[in-house]
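> This is the structure I have questions about; it appears just below.
2 protein chains.
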Amino acid sequence: MQKLIECVPNFSEGRRISVINKIADSARKVKGVRVLDVEWDKSHNRSLMTLVGEPGKVARAVFEAIKTATNLIDMTKHKGEHPRIGATDVVPFIPVSGVTMKECVLLSNGLAKRVSKELKIPVYMYEASAKKKSRQNLADVRKGEYEGLKEEMGTNPERKPDYGPSKMHPTAGAMVIGARKYLIAYNVNLDTKNIRIAKNIATKIRERGGGLPKVKALGFNVQGFAQISMNLVDFEITNFDEAYRAIEKEAKKYKVNIKSSEIYGMIPLEALVRQIRTTFKAVDFDADRVLEKRIYE
Amino acid sequence: MQKLIECVPNFSEGRRISVINKIADSARKVKGVRVLDVEWDKSHNRSLMTLVGEPGKVARAVFEAIKTATNLIDMTKHKGEHPRIGATDVVPFIPVSGVTMKECVLLSNGLAKRVSKELKIPVYMYEASAKKKSRQNLADVRKGEYEGLKEEMGTNPERKPDYGPSKMHPTAGAMVIGARKYLIAYNVNLDTKNIRIAKNIATKIRERGGGLPKVKALGFNVQGFAQISMNLVDFEITNFDEAYRAIEKEAKKYKVNIKSSEIYGMIPLEALVRQIRTTFKAVDFDADRVLEKRIYE
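From first to last, the protein sequence lines stand for chains F and H.
Under numbering that gives the first Met the number 0, the first residue of the first sequence is numbered 0, with each subsequent residue one higher.
Under numbering that gives the first Met the number 0, the first residue of the second sequence is numbered 0, with each subsequent residue one higher.
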């Protein structure tokens, strides 16, 4: 089986398309890596790219992208709604198939060393790569953003980076690198205009409310209808079918049906396969039964 | 998108493993074709191989396999429980992705011409490739088997082959070639030892009994438990999830639960994707959302 990982670097540039293209092109130059997606948002002034391929190649490609972003983005002039601490803001490595989380943690440390050494950028490790519990959560690492962190980094030992100088790069700022599980963005639309119901169900089913483990959920109004929008941060613990059934059960209490659901972005084959095992009690089913997988592997 | 088809030739040899291996090796010699599976059954004295790859390459590979089978299998000496008319008994081409049924019909005709011309074997076209309605069904084409067909072929105009001589090949007999949809073999196991219930449900849900279109079903006793064993001959019309739910509904009438289900053999990604659309009302979901597919295509 081919080893595959995903990497979704976020850059603090969402307005100058030519800069975004140059960053993506740097990654594309590494053979064997695919840039599956490039997205940007003007008001966030931020872009993200989805790279996929063999672990070592993806790490090389993302380093090239970081180098270009370092040359072309100036944090002293950056404004945008989204929290950020650097030109390349956050770089997560995500196992897809044949790769363990541990391998992704090693890879993230390798990249952090290279970035700090060759580009002189301070790096913080987060999620599975965090070296302190207080740095697991991205929001904690990014506290105060670029401007606040710049003040604190040299003086507050709590904010000392894991790699590189305790001093912001003059234009590129700082960076967060790490490894995390694949995140499935999953929305369930209810057949009601009563947004309250979506909010109540979201509160009930999410982990924070004592609901499903590894599920984040919020209730929204989407085109007049009630939507429960979820992040499934570990589909091996709670998969999309389990979230769907939990919502279906709660909605019944309000005599409301599910109108539709949407898997947002991409999903690993393994999540589909797990769902077959659960929904259809197909205990022996695995990804090798999928014809296309057998052909390409 | 890469064009992919499957081909599952059946050979009248299920005892001499060396012969089976030689046939499979002939197919393997064609670059770009994968032999995903080789199965054989001693009492049936029959084997089948699953080849996958680009249409033209698969056709070349299966021709090589047929040539070897023609040289090594003697139908005048063949005995086995399974109906058969030739050394290579039946060769179905099956669209997997990026290929239409029409292309598979053309391919099957090309192979039939080559087999009849180069190997002097009479060939009947069946399923989507049938040239007469009476030959669509494999059982009708194979009526009388090798022995009966040998008597009739030269004298009964109804049995005149579609390609090649109206006379059995001295050792390899005759052959059936065609194109058909992907067949999903799907079993649902009930939590009861009452086999009668499985038989009743099978009768109710299958097409023949006015149930689900394109579903064949039988009730069996499997290790003491009741099993409904199905062939889903067109998953674009009735997919495995729809069969599961129909059985679940019928079983409820007997106050019986589903214990487990099994997808037998391989399944195309498209069947999984359709099931997601139906089960989770995920109308916009398609195969391109599956990460692995995007990487390999």
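Glycine included, C-beta positions come from ideal geometry on N, C-alpha and C.
#1: Buried or exposed for Pro-212/H, going by 16 or more other Cβ atoms inside 10 Å?
#2: Could you tell me if Val-221/F is buried or exposed, where buried requires 16 or more neighbouring beta carbons within 10 angstroms of its beta carbon?
#3: So what does Arg-195/F bridge to, in DSSP terms?
#4: Is the distance from the Cβ of Asp-36/F to the Cβ of Phe-279/H below 8 angstroms?
#5: Apart from the five residues just before and just after Arg-45/F, which ones in its own chain have a Cβ nearer than 8 angstroms to its Cβ?
#6: Along chain F, which residues have their Cβ under 9 angstroms away from the Cβ of Asp-283/H?
#7: Apart from the five residues just before and just after Lys-41/F, which ones in its own chain have a Cβ nearer than 6 angstroms to its Cβ?
#8: Under the DSSP definition of a beta bridge, which residues are partnered with Ala-225/F?
#9: Does DSSP put Ser-165/H in a helix, in a strand, or in coil?
#10: By the 8 angstroms beta-carbon criterion, what residues does the region 79-113 of chain H contribute toward chain F?
#11: With 7 angstroms as the limit, tell me which residues of the region 151-173 of chain F have their beta carbon closer than that to any beta carbon of chain H; keep them in chain order.
#12: Just tell me which of Arg-195/F, Asn-108/F, Ser-17/F and Phe-234/F has its CA closest to the CA of Tyr-185/F.
#13: Tell me the DSSP secondary structure of Pro-94/F in three-state form.
#14: Please name the residue, chosen from Tyr-253/F, Met-74/F, His-43/F and Phe-219/F, that lies closest to His-168/F on a Cα-to-Cα basis.
#15: Give me the chain F residues within the contact set of Lys-280/H, using Cβ-Cβ distance strictly less than 8 angstroms, ordered along the chain.
#16: Which of the three DSSP states, helix, strand or coil, is assigned to Val-289/H?
#17: Could you work out which residues of chain F lie near Met-48/H, taking near to mean beta carbons separated by less than 7 angstroms?
#18: Short check: CB of Arg-59/F to CB of Val-104/F, under 8 angstroms?
#19: Whole alpha helix (DSSP H) runs in the region 256-286 of chain F with 4 or more residues, listed along the chain?
#20: For my contact list, Val-98/F and Ile-4/F are in at a C-beta cut-off of 8 angstroms; report their separation, rounded to the angstrom.
#21: If we define contact as Cβ-Cβ less than 8 angstroms, is Leu-118/F a contact residue for chain H?
#22: Classify Thr-67/H as helix, strand or coil using the three-state DSSP reduction.
#23: How would you label Asn-108/F, buried or exposed, when you count the other beta carbons within 10 angstroms and need 16 or more for buried?
#24: Counting only C-beta atoms, is Arg-273/F closer than 8 angstroms to chain H at any point?
#25: Counting pairs of Cβ atoms below 8 angstroms between the region 191-209 of chain H and the region 135-150 of chain H, do you hit three or more?
#26: With a threshold of 8 angstroms on Cβ separation, who are the neighbours of Val-214/F within its own chain once the five nearest residues in sequence on each side are excluded?
Taking the geometry as given:
#1: exposed
#2: exposed
#3: DSSP, once it has assigned bridges, lists no residue as partnering Arg-195/F.
#4: no
#5: Asn-9, Phe-10, Ser-11, Glu-12, Gly-13, Trp-39, Gly-79, His-81, Arg-83 and Asp-88
#6: Ser-259, Glu-261 and Ile-262
#7: Gly-13 and Arg-14
#8: Asn-220/F
#9: coil
#10: Val-95 and Ser-96
#11: none
#12: Phe-234/F
#13: strand
#14: Met-74/F
#15: Ile-257, Lys-258, Ser-259 and Ser-260
#16: strand
#17: What Met-48/H touches in chain F: nothing, since even the nearest Cβ is about 14 angstroms away.
#18: no
#19: 268-278
#20: 5 angstroms
#21: no
#22: helix
#23: buried
#24: no
#25: no
#26: Ile-204, Arg-205, Glu-206, Met-229, Asn-230, Leu-231, Val-232, Thr-237 and Ala-242
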